[in-house]
Amino acid sequence: MSGTVVVLNGTSSAGKSSIGRALQARGEGIWLLAGLDAYLELLGKPQLNELWARILGDPVRPGPAGDELIRAMYAAAAAIARSGKNVVLDHVMVTARWRQWAVTGFRDLPAWFVGVHCLVRLLDARERERGDRTLGQARRQFNVVHADCVYDHEVNTAAQSPEAAADEILQCIAGGPRGFTAMAGAMSGSLTDEE
149 MSGTVVVLNG
159 TSSAGKSSIG
169 RALQARGEGI
179 WLLAGLDAYL
189 ELLGKPQLNE
199 LWARILGDPV
209 RPGPAGDELI
219 RAMYAAAAAI
229 ARSGKNVVLD
239 HVMVTARWRQ
249 WAVTGFRDLP
259 AWFVGVHCLV
269 RLLDARERER
279 GDRTLGQARR
289 QFNVVHADCV
299 YDHEVNTAAQ
309 SPEAAADEIL
319 QCIAGGPRGF
329 TAMAGAMSGS
339 LTDEE
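Be aware that the sequence shown starts at 149, since it is given in the numbering used here, and climbs by one per residue.
Structure below.
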């Protein structure tokens, strides 16, 4: 039996990792938390320094290296789910092709798509507080990250704790996924694994 995939999509500093950790603590069974930051850390410092600008130098227009990393991240998440483990994918979907690849990559799995929203002023404050983020990155992502997304559920980290958001997501999972299916229908005719 396949594990569950939960894709948390939102800007940088929206609170996705905190929600992911809350899902790990509150969900039944094993929940593995992965995402772009985790994959960047796997690269090691020399590769990270070289690839950083090509991957996230522009927070809304990633280059080929970023695309390759995203495809690998999706394939790994799907493999984890196929092994019977649950996976939470902390993500910033800034391009239509990334959304399309998610739809095709997770189409045969129980996968839920969750929008993680936050007020821009709070995103700005969180970036300053964290100290490890490019200031203004979340603001630049704000209008593109949720474009054309059909979610199974949406949470607002300006108004709720990570634990409350995780509880809502777990309740949503009980109802069955529909977000990726709805997006697949909207993209019909344009879905390929190679684009």
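Cβ atoms here follow ideal geometry from the backbone N, Cα and C, with glycine treated the same way.
- Fully contained in the stretch 232-285 are the following beta strand (DSSP E) runs of length 3 or more, in chain order: 234-239 and 259-265.
- With contacts defined by Cβ atoms closer than 9 Å, residue 278 and residue 161 form a contacting pair.
- Residue 263 is a Cβ neighbour of residue 297, given a cutoff of 9 Å.
- Closest by C-alpha distance to residue 261, out of 306, 330 and 227, is 330.
- No residue range can be given for residue 151, since it is assigned to no beta strand (DSSP E) and is classified by DSSP as neither H nor E.
- Less than 9 Å separates the beta-carbon of residue 238 from that of residue 182.
- Here residue 151 is not near residue 313, since their CB atoms are 9 Å or more apart.
- If you ignore the 5 residues before and after residue 223, its C-beta comes within less than 8 Å of the C-beta of 253, all in its own chain and listed in chain order.
- Excluding five sequence positions before and after residue 228, the CB atoms of its chain that fall closer than 7 Å to its own CB belong to 151, 180 and 235, given in chain order.
- Distance from the CA atom of residue 232 to the CA atom of residue 269, rounded to whole angstroms, is 39 Å.
- Counted as a single uninterrupted DSSP element, the stretch harbouring residue 316 is not any beta strand (DSSP E) but the alpha helix (DSSP H) occupying residues 310-321.
- With distances taken between CA atoms, residue 221 lies nearest to 184 out of 184, 175, 290 and 308.
- Setting aside the 5 residues that flank it on each side, residue 174 is surrounded in the same chain by 311, 314, 315 and 318, each with a C-beta closer than 8 Å to its C-beta; the list follows chain order.
- Boundaries of the beta strand (DSSP E) harbouring residue 302: 301-304, taken from the DSSP string.
- DSSP places residue 162 outside both helix and strand once states are collapsed to three, so it counts as coil.
- Within the model, the alpha-carbon separation for residue 169 versus residue 335 is close to 32 Å.
- The C-alpha of residue 305 lies about 6 Å from the C-alpha of residue 265.
- A Cβ-Cβ contact shorter than 9 Å links residue 240 with residue 157.
- Listed as beta-bridge partners of residue 182 by DSSP are 237.
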